[in-house]
Amino acid sequence: MFAVIKTGGKQYVVKPGDRIRVEKLEGKPGDSVEIKDVLLVKQGEEVKVGDPFVSNAMVTAEIVEQGRAPKVIVFKKKPKKGYKRKKGHRQFITTLEIKEIKF
Numbered sequence: 001m002f003a004v005i006k007t008g009g010k011q012y013v014v015k016p017g018d019r020i021r022v023e024k025l026e027g028k029p030g031d032s033v034e035i036k037d038v039l040l041v042k043q044g045e046e047v048k049v050g051d052p053f054v055s056n057a058m059v060t061a062e063i064v065e066q067g068r069a070p071k072v073i074v075f076k077k078k079p080k081k082g083y084k085r086k087k088g089h090r091q092f093i094t095t096l097e098i099k100e101i102k103f
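The opening residue of the sequence shown carries number 1 in UniProt numbering; numbering runs sequentially from there.
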């Protein structure tokens, strides 16, 4: 059994027991999160595809930790002009453990 969910503008293929890192979601470690944007669910040979979402489908997950992703360096340079800019960015992320897929 697996599902395709959408959160933070991205899509993830998840199964019960998986740990995924997504864009920041509100909550503390140990809190339960319900994701209702389910695009596809497959159990055995049965496949349900949403239009755009599967009705009455939901993925339950638990927040494992709140943190930040590794730093991404953004460097701009224009040759022969003396223009250089260096900037770093660390995105806030949430680690989820998938508990259950309901549909």
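Glycine included, every Cβ here is placed at the ideal spot set by N, Cα and C.
Start and end residues, beta strand (DSSP E) containing residue i
i	result
K87	Y83 to H89
S55	S55 -> no beta strand (DSSP E), and no H or E assigned at all.
F92	F92 to K102
Exposure of residue i, with buried meaning 16 or more beta-carbon neighbours within 10 Å
i	result
I73	exposed
A69	exposed
V41	buried
V49	exposed
Y12	buried
V59	buried
Residue from the options with nearest C-alpha to residue i
i	options	result
I63	V49, K87, Y12 and K24	K24
E26	I101, T94, F103 and E100	T94
N56	K36, V4, V13 and V22	K36
8 Å Cβ shell around residue i - same chain, five flanking residues per side excluded
i	result
P29	I63, V64, E65 and Q66
R19	V64, T95, L96, E97 and I98
D31	E62 and I63
Same chain only: Cβ atoms within 6 Å of residue i, ignoring 5 sequence neighbours per side
i	result
R85	K76
Proximal residues to residue i (C-beta, below 7 Å), its chain only, five neighbours per side dropped
i	result
G17	I98
K87	V74
Segments of 3+ residues assigned as beta strand (DSSP E) that fall wholly inside the region 8-41: 10-14, 19-23 and 32-35
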